[in-house]
Amino acid sequence: MVRSSHNKMQKDSKEGIVIAGGPDALIETDYAEGLFVNHLGEIFVADNGERKITCWSPESKNVDVIVGGNGKGYQPNQLN
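Residue numbers (UniProt numbering): 1 to 80.
Have a look at this one:
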């Protein structure tokens, strides 16, 4: 997924940021199974391999782990 510098998806854009799904992506994934973009342009990625959900915000430019990232399990910081 490529996002242009103007915060709008552009089909034939020649410049942009790879958010998820590539070697230079901002969100590293092992086995991504879901993607959601909310009305603020935040991109959420569900990664089954690393058992986590991450979020990238166009305003802060940060990637945050929303839940999981600590292996498979039933603890508050894990996903099963």
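All residues carry an ideal CB built from backbone N, CA and C; glycine is no exception.
*Cutoff 6 Å; reference G49; Cβ partners in own chain excluding five residues on either side*: Within the sequence shown, the letter at position 49 stands for residue 49. Taken in chain order, the residues that qualify are D30, Y31.
*Would you kindly work out how many angstroms separate the C-alpha atoms of I27 and C55, rounded to a whole number?*
As a working mapping, residue 27 is identified with position 27 in the sequence shown. As a working mapping, residue 55 is identified with position 55 in the sequence shown. Whole-angstrom Cα-Cα distance: 8 Å.
*Whose C-beta lies closer than 7 Å to the C-beta of H6 among residues of the same chain, with five residues either side of it excluded?*
Start at 1 with the first residue of the sequence shown, and residue 6 comes out as number 6. Because the pLDDT of H6 is 46, which lies under 50, any placement of that residue in the model is unreliable, and the question is left without a value.
*Count the other CB atoms, across all protein chains shown, that sit within 10 Å of the CB of D47; report buried if there are 16 or more and exposed otherwise.*
Within the sequence shown, the letter at position 47 stands for residue 47. Looking at its Cβ environment, which holds 16 or more other Cβ atoms inside 10 Å, D47 is buried.
*DSSP three-state assignment for Q75, whether helix, strand or coil*: Here residue 75 corresponds to residue number 75 of the sequence shown, with the count starting at 1. Note: Q75 maps to coil in three-state DSSP.
*Alpha-carbon spacing of K61 relative to Y74, whole angstroms*: In the sequence shown, counting from the first residue as 1, residue 61 sits at position 61. In the sequence shown, counting from the first residue as 1, residue 74 sits at position 74. Roughly 30 Å between the two C-alpha positions.
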